[in-house]
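Chemist:
In the numbering used here, the protein residues as written are 13 to 590.
#1: In angstroms, rounded to a whole number, what distance separates the CA positions of residue 506 and residue 231?
#2: Quick check on the burial criterion: 16 or more other C-beta atoms within 10 angstroms. Buried or exposed for residue 483?
#3: Would you mind giving the Cβ-Cβ distance between residue 440 and residue 366, rounded to the nearest angstrom? I have them listed as a contact below 8 Å.
#4: In the DSSP assignment, what residue or residues form a beta bridge with residue 328?
#5: What do you get for residue 352, buried or exposed, if any count of 16 or more other CB atoms within 10 angstroms of its CB means buried?
#6: In chain order, what residues of the same chain lie with their CB nearer than 7 Å to the CB of residue 29, ignoring the 5 residues before and after it?
#7: So, at 6 Å on beta carbons, what are the nonlocal neighbours of residue 132 in its own chain, with the 5 sequence-adjacent residues on each side left out?
#8: Going by DSSP, what residue range makes up the alpha helix (DSSP H) through residue 275?
#9: Below 7 Å between beta carbons: does that hold for residue 276 and residue 97?
#10: Is the distance from the Cβ of residue 247 to the Cβ of residue 330 below 7 Å?
#11: Let's test the definition: count the other Cβ atoms within 10 Å of the Cβ of residue 400 and tell me whether it reaches 16, buried, or not, exposed.
#12: Mind listing, in chain order, the continuous alpha helix (DSSP H) runs of no fewer than 4 residues lying wholly within the segment 409 to 456?
#13: Can you tell me which residues form a DSSP beta bridge with residue 390?
#14: How about residue 259 and residue 165: are their beta carbons less than 7 Å apart?
#15: Just to confirm my understanding: we take residue 32, look at its own chain, exclude 5 residues before and 5 after, and list those with CB closer than 7 Å. What are they?
#16: Any beta carbon from chain D within less than 7 Å of residue 435's own beta carbon?
#17: Buried or exposed for residue 60, going by 16 or more other Cβ atoms inside 10 Å?
#18: What does the alpha-carbon distance come out to for the pair residue 500 and residue 415?
#19: Using a Cβ-Cβ cutoff of less than 8 Å, which residues in the same chain neighbour residue 425 once the five nearest sequence positions on both sides are dropped?
#20: Per DSSP, which one or two residues make a beta bridge with residue 204?
#21: Quick one: any contact between the segment 234 to 254 and the segment 167 to 177, if contact means 3 or more CB pairs under 8 Å?
#22: Please state if the CB of residue 338 and the CB of residue 419 are separated by a distance shorter than 7 Å.
#23: Just tell me which of 385, 444, 268 and 88 has its CA closest to the CA of residue 346.
#24: Alpha carbon to alpha carbon, how far is residue 327 from residue 398? Give it in angstroms, no decimals.
#25: If you reduce the DSSP assignment to three classes, tell me which class residue 573 lands in.
#26: Suppose the cutoff is 6 Å on Cβ atoms and the five residues either side in sequence are ignored; what does the same chain contact list for residue 200 look like?
#27: Can you list, in chain order, the residues of its chain whose CB lies under 7 Å from that of residue 340, leaving out five sequence neighbours each side?
#28: Would you kindly check if the distance between the Cβ of residue 376 and the Cβ of residue 509 is under 7 Å?
#29: Taking the CB atoms as reference points, tell me whether residue 137 and residue 150 lie closer together than 7 Å.
#30: Measure the C-alpha to C-alpha separation of residue 24 and residue 121 and round it to an integer number of angstroms.
#31: According to DSSP, simplified to helix, strand and coil, what is residue 28?
#32: Please check the pair residue 308 and residue 349, which I expect to be a contact at CB under 8 Å, by giving their CB distance rounded to whole angstroms.
#33: Compute the Euclidean distance between the alpha carbons of residue 371 and residue 502, then round it to the nearest angstrom.
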C-alpha cells in the first residue's frame with residue numbers, strides 16, 4: 013500500500029512512464045552499441061521502446077487520469093495538450109525510424125536511434141511542461157541530441173558544417189529564450205506558467221503600465237528563441253544550408269520534429285492553451301490579443317511570403333524543401349495569430365485546433381516526400397536536385413503517383429489533408445473580429461496568394477516526373493521500410509482529409525479544445541533544513557491577487573528533519589485569481 017505522502021510521486025511516476033521507457037531504451041542503445049553493430053537489432057529495440065511508450069500513453073489508466081484533470085505541482089501537468097503532443101511525437105517516431113532504417117551507417121545506428129529516443133522524450137515533456145525551467149530543460153533535451161543526430165549519418169565536411177552551424181545558432185536561440193524567461197520571472201515572481209499567465213493577463217491598469225514594456229520585451233525574445241525552432245522568418249536563415257549539408261533523414265527530422273516542440277511551447281507560454289482548469293481572464297490592463305497577436309501577424313505574413321518566394325529559386329531538393337518548411341511554418345503562424353481573438357481553444361473557429369491539425373497534416377506530407385528521396389537515393393545515382401526526379405513516372409508509375417498525391421496535398425488540393433488544414437487556418441483568420449476589421453482577412457489573402465506561389469515549385473516537380481525523361485535509370489528496390497513510411501504517409505493524407513479523420517484530431521487530440529474542469533491548481537514547493545529546522549518560506553509566486561498559506565508538517569521517517577510545505581491555491585473564476 014502506498015503511503016499518502018508518496019501518492020503524488022507515484023502518480024507522477026505513472027504519467028512520466030512513457031518518457032522513462034524512451035530514456036531507458038536510449039540507455040540500452042548507447043551501451044549496447046559499444047559491443048555490437050547490428051542495424052536490425054538496434055532498430056527493433058528503438059521501435060519496441062516507442063511501441064511500449066505509445067501503449068502506455070493510450071492505456072485506459074492514462075486516459076482516465078487525464079480526464080480527471082490531475083495537476084502535479086510546479087514542473088509538469090498532464091492535460092489534453094500534453095497527451096496530444098506525446099501521441100504525435102511517438103507516431104512521428106515510428107515513421108521516422110522506418111524512413112531512416114537504411115539511411116544511417118550500420119556502425120552509427122545504435123547511437124543515432126538512442127539520440128532520437130531522447131529527443132522524443134524531450135518533445136513529450138515540452139507538451140507537459142507547466143514551468144519555465146522544466147520547459148527550457150525539455151527543449152534542451154531536444155537540441156543537444158540533435159547536434160549528434162545531424163552528424164552521425166553522413167561523416168563529411170558538409171555534415172560537419174551543418175552540425176556546427178545548427179549548434180551555434182541553437183545556442184544563440186537558447187540564450188534569447190532564457191533572456192525572455194528571466195524577464196517573465198522578474199515581472200511575476202514565479203516560473204509557474206499558470207501563475208505567469210494570470211499575473212500578466214489579469215493585471216489592473218496600474219499594474220499594466222508598470223510592466224507593459226518589460227512584458228513586451230520578454231514576449232519578443234521568447235518568440236525569437238522559439239522562432240528558431242519553427243523556422244520562422246527572420247530566424248530561418250540556417251535552415252537551407254543545414255538541410256542541404258545533413259543527410260536526408262536528418263533533413264526530414266529538422267523539417268518537422270522541432271516544429272512540434274516549438275509550436276507547443278508557444279501555445280503554453282503565451283497562454284493560447286492554458287493549463288488544464290486555468291482560465292486566462294484578461295484584466296483591464298493587459299489583453300492577450302493586444303500583446304501577442306500583432307507580433308504573430310507580422311511573423312506569419314513575412315514567413316509565408318519569403319518562404320514561398322525563395323523556394324521558387326531552388327534546384328536542390330533539400331533546399332527547396334527547407335524553404336517549403338519555412339512557408340508552412342508561416343501558415344501555422346496564421347492560426348497562432350488568430351487564436352487570441354477567437355476565445356482560445358474553446359472556440360470552434362479558433363486557430364488552436366487549426367494549428368494542431370495542420371501540424372499533423374504537415375508531418376504526413378513532408379515525411380512522405382523525404383521517404384521518397386531516401387527510397388530513390390543511391391551512391392551511384394544520388395537524388396539531390398529536381399532534375400534527378402525526371403522520368404520517374406515512366407520507370408515507376410506507382411511511386412510517381414504517390415509522390416504526386418503528397419505534392420498536391422502540400423499545394424492544398426481538395427480532398428487532401430493539406431486542403432483541409434489550410435481551409436481551417438484561413439477560416440480562423442477571416443473569423444477574427446479585430447479592432448482593425450481588414451487586418452486578418454488581409455492575412456488570409458496573403459496566405460492564399462502565397463500558397464498559389466508555392467504551387468508553382470510543387471507543380472514543377474510533378475512536371476519533371478511526368479514530362480521529362482530520366483538521364484540515368486531510377487532504382488527503388490531494397491528499401492522496404494522507406495516504402496512503408498511512404499505508403500503510411502499517403503494513406504494518412506487522404507484519411508485525415510475527410511470529416512471522421514479531422515474529427516479525430518479535434519475531438520481526440522482536440523480534447524485540447526475542451527480541457528477538463530479543475531476548480532483549483534495546487535502549486536507545491538518544499539523547504540528542507542539540514543539542521544532540523546524549517547527554512548522560512550520565500551515569497552515566491554505571490555502577487556497582490558494571490559493568498560498563500562504555509563503548512564509545516566513533521567515527517568518522522570526523516571528523523572529530526574522538518575520540511576515546510578507551501579501549498580498555494582489559485583482559485584479560478586470570472587475575476588481571475590483570488
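All C-beta atoms in this analysis are idealised placements derived from N, C-alpha and C, irrespective of residue type, glycine included.
Modeler: The answer reads as follows:
#1: Taking the straight line joining both Cα atoms gives about 38 Å.
#2: An exposed status is given to residue 483, since fewer than 16 other beta-carbon atoms sit within 10 Å of its beta-carbon.
#3: Cβ atoms of residue 440 and residue 366 come within 8 Å of each other, at about 5 Å.
#4: Residue 328 is bridged to 397.
#5: Buried: at least 16 other Cβ atoms inside 10 Å.
#6: Taken in chain order, the residues that qualify are 68.
#7: Closer than 6 Å at the Cβ level, and outside the excluded window around residue 132, lie 34, 101 and 105.
#8: For residue 275, the enclosing alpha helix (DSSP H) starts and ends at 260 to 281.
#9: Note that the C-beta distance between residue 276 and residue 97 is below 7 Å.
#10: No, they are not a contact pair.
#11: Its Cβ being crowded by 16 or more others within 10 Å, residue 400 is buried.
#12: Runs of the alpha helix (DSSP H) inside the segment 409 to 456: 409 to 423 and 429 to 442.
#13: Within the DSSP bridge table, the entry for residue 390 names 393 as partners.
#14: Contact: yes.
#15: Nothing meets the Cβ criterion.
#16: In the structure shown, chain D cannot be found, because there is only a single protein chain.
#17: Of the other Cβ atoms in all chains shown, fewer than 16 fall within 10 Å of the Cβ of residue 60; this residue is therefore exposed.
#18: Rounded to whole angstroms, the gap between the alpha carbons of residue 500 and residue 415 is 12 Å.
#19: Within the same chain, 431 come within 8 Å of residue 425 by CB-CB distance, once the 5 residues on both sides are set aside.
#20: According to DSSP, which records beta bridges pairwise, residue 204 is partnered with 143.
#21: The segment 234 to 254 is in contact with the segment 167 to 177.
#22: Contact flag unset, no.
#23: Minimum Cα distance to residue 346 is reached at 444.
#24: Cα to Cα, the separation comes out at about 6 Å.
#25: A caution first: residue 573 carries a pLDDT of 32, below 50, which makes its placement in the model unreliable, though a value can still be read off. Here residue 573 sits in coil by DSSP.
#26: Excluding five sequence positions before and after residue 200, the CB atoms of its chain that fall closer than 6 Å to its own CB belong to 208 and 211, given in chain order.
#27: Closer than 7 Å at the Cβ level, and outside the excluded window around residue 340, lie 374.
#28: Against a cut-off of 7 Å, the Cβ pair of residue 376 and residue 509 comes out as no contact.
#29: With a cutoff of 7 Å on beta-carbon distance, residue 137 and residue 150 are scored as near each other.
#30: Residue 24 and residue 121 have their C-alpha atoms roughly 32 Å apart.
#31: In this structure, residue 28 counts as coil in the three-state DSSP scheme.
#32: The beta carbons of residue 308 and residue 349 sit about 4 Å from each other, so the pair counts as a contact at 8 Å.
#33: Straight-line Cα distance between these residues: approximately 16 Å.
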